[in-house]
Every structure is written in C-alpha cells, then in structure tokens.
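A.B. asks: All residue numbers for the sequence shown refer to the working numbering, where the first residue is 480 and numbers rise by one.
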Amino acid sequence: MPQKSAMTDKQASITRTPRPEWGKARRIVVKIGSALLVERATGRLRATWLNSLIDDVAALTESGREVILVSSGAIALGRHQLGFPKGALELEQSQAAAAVGQIGLAQAYQELCRARGLIAAQVLLTLGDTEERRRYLNARRTIDTLLAAKAIPVVNENDTVATTEIRYGDNDRLSARVASMVSADTLVLLSDIDGLYTAPPHLDPGARHIPLVQEITAEIEGMAGDPGSELSKGGMRTKVEAAKIALAAGTHMVITTGKVLHPLQAIADGATCTWFLAASDPVTAKKRWIAGHLEPSGVLHIDAGAEKALASGKSLLPAGVKRIEGVFERGDAVIIRAADGRELGRGLVAYARSDADRIIGKKSSEITAILGFAGRDELIHRDDMALSRK
Numbered sequence: 480m481p482q483k484s485a486m487t488d489k490q491a492s493i494t495r496t497p498r499p500e501w502g503k504a505r506r507i508v509v510k511i512g513s514a515l516l517v518e519r520a521t522g523r524l525r526a527t528w529l530n531s532l533i534d535d536v537a538a539l540t541e542s543g544r545e546v547i548l549v550s551s552g553a554i555a556l557g558r559h560q561l562g563f564p565k566g567a568l569e570l571e572q573s574q575a576a577a578a579v580g581q582i583g584l585a586q587a588y589q590e591l592c593r594a595r596g597l598i599a600a601q602v603l604l605t606l607g608d609t610e611e612r613r614r615y616l617n618a619r620r621t622i623d624t625l626l627a628a629k630a631i632p633v634v635n636e637n638d639t640v641a642t643t644e645i646r647y648g649d650n651d652r653l654s655a656r657v658a659s660m661v662s663a664d665t666l667v668l669l670s671d672i673d674g675l676y677t678a679p680p681h682l683d684p685g686a687r688h689i690p691l692v693q694e695i696t697a698e699i700e701g702m703a704g705d706p707g708s709e710l711s712k713g714g715m716r717t718k719v720e721a722a723k724i725a726l727a728a729g730t731h732m733v734i735t736t737g738k739v740l741h742p743l744q745a746i747a748d749g750a751t752c753t754w755f756l757a758a759s760d761p762v763t764a765k766k767r768w769i770a771g772h773l774e775p776s777g778v779l780h781i782d783a784g785a786e787k788a789l790a791s792g793k794s795l796l797p798a799g800v801k802r803i804e805g806v807f808e809r810g811d812a813v814i815i816r817a818a819d820g821r822e823l824g825r826g827l828v829a830y831a832r833s834d835a836d837r838i839i840g841k842k843s844s845e846i847t848a849i850l851g852f853a854g855r856d857e858l859i860h861r862d863d864m865a866l867s868r869k
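1) Give me the Cβ distance between L584 and G552, rounded to the nearest whole Å; I'm assuming they're in contact under 8 Å.
2) Flag this pair as yes or no: are the beta carbons of A747 and M732 separated by less than 8 Å?
3) Looking at the structure shown, is R855 part of a helix, part of a strand, or coil, going by DSSP?
4) Can you grab the Cα-Cα spacing for the pair P564 / A514, in whole Å?
5) Evaluate contact between the segment 852-859 and the segment 823-833, counting only Cβ atoms and requiring at least three cross-stretch pairs below 8 Å.
6) Would you please state the rounded distance, in angstroms, between the beta carbons of G737 and P497? I believe it to be under 8 Å.
7) Can you name the start and end residues of the alpha helix (DSSP H) that M715 belongs to?
8) Taking 8 Å as the CB-CB limit, is V657 close to chain B?
9) Counting beta carbon pairs with one atom in the segment 776-784 and one in the segment 755-763, are three or more of them shorter than 8 Å?
10) Between A555 and G522, how many whole angstroms is the CB-CB distance? I'm expecting something under 8 Å.
11) What do you get for E569, buried or exposed, if any count of 16 or more other CB atoms within 10 angstroms of its CB means buried?
12) With distances taken from CA atoms, which of G799, A853 and L516 is nearest R816?
13) Determine contact between the segment 608-619 and the segment 809-824, defined as no fewer than three beta-carbon pairs at a distance below 8 Å.
14) For Y588, I'd like the list of residues in its chain whose CB is within less than 6 Å of its CB, leaving aside the five on either flank, ordered along the chain.
15) Around the Cβ of G784, are there at least 16 other Cβ atoms within 10 angstroms (buried) or fewer (exposed)?
16) On the premise that L789 lies in contact with L726, defined as a C-beta separation below 8 Å, what is that separation, rounded to the nearest angstrom?
17) Judging by CA-CA distance, which residue of I582, S531, W528 and R505 is the nearest neighbour of V546?
18) For the ligand MG, is there any heavy atom lying closer than 7 Å to the beta carbon of A703?
19) Anyone know if the C-beta pair for C592 and I631 falls short of 8 Å?
20) Quick check on the DSSP output: the alpha helix (DSSP H) that includes H559 runs from which residue to which?
21) Let me check understanding here. Comparing Cα to Cα, which of E804, D671 and E786 lies closest to L796?
22) Across which residues does DSSP place Q574 in a beta bridge pair?
23) Tell me which residue opens and which closes the beta strand (DSSP E) that S670 is part of.
24) Measure the alpha-carbon distance for A652 versus A728 and round it to whole angstroms.
25) Within a Cβ cutoff of 6 Å, which residues of the same chain sit near R558, ignoring the five residues on either side of it in sequence?
26) Taking Cβ positions, are T665 and E500 nearer each other than 8 Å?
27) Determine which residues share a DSSP beta bridge with W528 and list them.
28) Using three-state DSSP, classify I498 as helix, strand or coil.
29) Report the option in S844, G674 and S531 whose CA atom is closest to the CA atom of L870.
30) Is it buried or exposed for V739, if we count other Cβ within 10 angstroms and need 16 for buried?
31) For the segment 805-843, list the beta strand (DSSP E) runs that are entirely contained and at least 3 residues long, ordered along the chain.
32) Would you report the Cα separation of D863 and K842, rounded to the nearest angstrom?
33) Cβ of L529 within 8 Å of Cβ of L516?
34) For F852, count neighbouring C-beta atoms within 10 Å of its own C-beta (all shown protein chains included) and say buried if the count is 16 or more, exposed if not.
35) Could you pull the DSSP bridge partners for K510 from this structure?
36) Which one of G771, I846 and G701 has the shortest CA to CA distance from R825?
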C-alpha cells in the first residue's frame, strides 16, 4: 500500500458526474509536469504519487485503453544531482542536467511499470520530430508499434540536444503535438490547479472555475495566467496554447489537478476539472487537414480496382497504382487520380518517389525483396487519406 504523504490530504473535489468523453476515450495522452514529479527541497521523485499514477495507467490499460505519458522531470532531477544552483539555468546546464536526470527518470518508469506487468518505453523527441512530416511519420509509427505491443511510451523533449531556437520549452505544447500525431481521443494535462479560472485564483479570491470550454475565444485566452514555479516552465497560458493544438486535431483536452493520489482515477470519479471539447474526432480533423492544408507534391494514377477498394474504406496498395507524377519524399502529400483523370482525394505517401517507382504494380509481399528493407504494405494508409466527396 502507498505510504501516506502530504499529497494524500489534498484529494480532488468530486463534485459532478464525469463527462462521457472520458469513458469513450480509447487513446489517452497524459502530461506530467516537473513540479508534480520532483520534490522541490530534495530534488527526488515523489515516489508515492508516481506509484499511484502508474496504478491508474495499469487500470486503464487493463480496460483496453492505450496510454502515452509525456513526462517532464529530467532536468529537475539532474540539476540536483549535479549541484546546480536554484533559479534559471544556462542552456548548457539544462542539457547537462537532462543527460543525468533522464537516466533516473527512465529507470523509475521502467521499474514501476514492470512491477505491474507493463513495459515502459522511452521516446525522446525534438521540435523537428513533430513538425517535419517525414520525421513525424517515423515517430508516429514508432509510438503506434509500441502501443500495439502493449507498451507504455514515455515521451519527453530531448533536452540534451535541443537548442533554444529549436525546442518547445514546455511539455504542454509538446504533449498536444504528440496527441495530434497519434490521433489521441483525449489529452490530460495534470497541473497544480484544477482547471481554468476567470482569473488566477491565487491573486483573485473571486475567480470562478470554468468547467467547459467549447471554443477558445479571446476572452478564454485572456483568462490564462503567467508561468508558475521554477520547476515548471508551463503556466495556464501554455495550456491554452496546447488546447488550440489539440482541438484543431480533433482531440479533447482536460486540465485537472495532479496534486492528488490517483489523479486519472479522480477524473473518472468526477473530479473538478476543465474540459476543452473538440468539434470533431481525430480522424475527421486529420483528413480535413490533409484535404485542404497541404500542397501536393505529386500524383498517383490508380486503376479501377484500387478506386473500388478506396471507396470501400481500404488503403491504397502499390499493386493498384499505374503511374506516378511529381517529385516527393516520404510523408509528402500527393493527389490520387482515377484512370479517367478524376481527383479522388489526397493523402500522405509512405514512400519517396524513387522507391514508389520500383514497387507500383507489385504485390505488398514483394516490397522487402524489391527495396531491400521492410516498408509499409500500403502506399497510402487509409488514415492518411482524405477522399473527395461525390
């Protein structure tokens, strides 16, 4: 049983029936801040709290959910071990602290997951990994593969190599990018506050809690406060920015307090929190993005059999492609045209033009022998495709 700690006395306020979005969420991204993970005075992990969180993760996976953790804490752990002073660190100091702290953080997750029959997997990302399409696809496939193998991806920004100019700087926005990348149903931001208020409650006793946000207006943005403690780079402002990213991707987002044991179970029990609701689901939002916001780099001309397969909801296989136009790399957007020249839709292609030329008209089982490596069976996966309406 977990040892009693100061955090056990700060239980969530159970005030309402939980929203149905939580019960329906199959893929969940959970962001954990440094201030929740690391004791300020000692620089050590909050072991009791982290145990309770992994208990919640285990329960969710047992119920058939997929959970991805986006965890801060490496710099906060490493700076203490290296004896760096309090306050802001130079970039080189932050990178050194991350190099030390990441080892202990990964070990903690590994041990706690293993004790519950789970496998933890470390995934370190930089800004480019979620912004540049080819690297984006690589990262997404890695995480999808880990989830299919029932592992728990633990994601963090690769602070050891990221520079000031090419980094997120806070894990609120990183977690939103990850949620978008993996088409998560819900993003959970565990915070030191139980949601969005009309004003910072520590400054305004009359501040009111906002339980539901369906559109991020200028008024909502104006309610965001300034960043919090030195351990946490994020504040309510970055959380609202994260909500913009998540909602655009069709992912719901919830801000709730992490200052309780079993914070994810608390959401299911109806804890006070703020839900930001997306207008559409992740697949619909992604397809809308593909259809209208990407400049196509090439054209794939397909046969009648492939056209029929696409109409029935299947992916585009190399065997159904007759001819290719344009110059493109893996992850670029291309137009899909029928044999008579009609545009059927657009999609993100899984192979560069040089490789696609070699496999079109071939069976997927022949790809490895032709290219010398095991690529995807599909030239364009159905989840990466937006077909035109008839």
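By construction, the Cβ of each residue, glycine as well, lies at the ideal position given by its N, Cα and C atoms.
For clarity, every value in this text was computed on a predicted model and none was experimentally measured.
C.D. replies: Taking the coordinates as given:
1) Start at 1 with the first residue of the sequence shown, and residue 584 comes out as number 105. Start at 1 with the first residue of the sequence shown, and residue 552 comes out as number 73. About 5 Å; that satisfies the 8 Å criterion.
2) Mapped onto the sequence shown, residue 747 falls at position 268. Mapped onto the sequence shown, residue 732 falls at position 253. Not in contact: A747 and M732 (Cβ atoms no closer than 8 Å).
3) Looking up residue 855 in the sequence shown gives position 376. In the structure shown, R855 sits in coil (DSSP, three-state: anything other than H, G, I, E or B).
4) Taking the sequence shown and counting its residues from 1, one reaches residue 564 at position 85. Taking the sequence shown and counting its residues from 1, one reaches residue 514 at position 35. Rounded to whole angstroms, P564 to A514 spans 17 Å at the Cα level.
5) yes
6) For this step, residue 737 is matched to residue 258 along the sequence shown. For this step, residue 497 is matched to residue 18 along the sequence shown. At roughly 17 Å, the Cβ-Cβ gap does not stay under 8 Å, so G737 and P497 are not in contact.
7) Sequence index remark: in the sequence shown, residue 715 carries index 236 (1-based). Unbroken alpha helix (DSSP H) run through M715: M715 to A727.
8) Chain labels in this structure do not include chain B; a single protein chain is all it has.
9) no
10) Translated into positions along the sequence shown, residue 555 becomes position 76. Translated into positions along the sequence shown, residue 522 becomes position 43. Indeed they touch by this definition, with Cβ atoms about 7 Å apart.
11) By 1-based counting over the sequence shown, the position of residue 569 is 90. Answer is exposed; the Cβ neighbour count stays below 16.
12) Your numbering for residue 816 matches position 337 in the sequence shown. Selected option, being the one with the closest Cα: G799.
13) yes
14) Here residue 588 refers to the residue found at position 109 of the sequence shown. Correct list, in chain order: A599 and V633.
15) Reading the sequence shown from its first residue, position 305 is the one you call residue 784. It counts as exposed.
16) Counted from its first residue, the sequence shown places residue 726 at position 247. Counted from its first residue, the sequence shown places residue 789 at position 310. Going by Cβ atoms, the distance from L726 to L789 rounds to 29 Å, so no, they are not a contact pair.
17) Position 67 of the sequence shown, counted from the first residue, corresponds to residue 546. Here the closest residue by C-alpha is R505.
18) The model depicted lacks the ligand MG and carries no ligand whatsoever.
19) Position 113 of the sequence shown, counted from the first residue, corresponds to residue 592. Position 152 of the sequence shown, counted from the first residue, corresponds to residue 631. Result yes, Cβ atoms of C592 and I631 sit closer than 8 Å.
20) As a working mapping, residue 559 is identified with position 80 in the sequence shown. A553 to L561 is the extent of the alpha helix (DSSP H) around H559.
21) The residue given as residue 796 occupies position 317 in the sequence shown. Comparing Cα positions, the closest option is E786.
22) Taking the first residue of the sequence shown as 1, we reach residue 574 at position 95. Its beta-bridge partners do not exist; DSSP assigns none.
23) By 1-based counting over the sequence shown, the position of residue 670 is 191. Where S670 is concerned, the enclosing beta strand (DSSP E) stretches over T665 to S670.
24) Within the sequence shown, residue 652 is the residue found at index 173, counting from 1. Within the sequence shown, residue 728 is the residue found at index 249, counting from 1. At residue 652 the sequence reads Arg, which differs from the Ala that was named. When rounded, the distance between both Cα atoms is 13 Å.
25) As a first step, residue 558 is located in the sequence shown; it is residue number 79 there, counting from the start. Excluding sequence neighbours, R558 sits near A576.
26) Counting from one through the sequence shown, the residue named residue 665 turns up at place 186. Counting from one through the sequence shown, the residue named residue 500 turns up at place 21. Their beta carbons are under 8 Å apart, which means T665 touches E500 by this criterion.
27) In the sequence shown, counting from the first residue as 1, residue 528 sits at position 49. None, per the DSSP bridge assignment.
28) Your numbering for residue 498 matches position 19 in the sequence shown. It should be noted that the sequence gives Arg, not Ile, for residue 498. It is coil, neither helix nor strand.
29) Only positions 480 to 869 of the chain appear in this structure, which leaves residue 870 out of reach.
30) Counting from 1 along the sequence shown, the entry for residue 739 is found at position 260. The residue in question, V739, is buried, as its Cβ has 16 or more Cβ neighbours within 10 Å.
31) 812-816 and 822-827
32) Taking the first residue of the sequence shown as 1, we reach residue 863 at position 384. Taking the first residue of the sequence shown as 1, we reach residue 842 at position 363. Spanning the two alpha carbons is a distance of roughly 20 Å.
33) If you number the sequence shown from 1, residue 529 lands on position 50. If you number the sequence shown from 1, residue 516 lands on position 37. The answer is yes: Cβ separation under 8 Å.
34) The residue given as residue 852 occupies position 373 in the sequence shown. So F852 counts as exposed.
35) Looking up residue 510 in the sequence shown gives position 31. Answer is V549 and L668, bridged to K510.
36) Within the sequence shown, residue 825 is the residue found at index 346, counting from 1. R825 has its Cα closest to that of G771, out of G771, I846 and G701.
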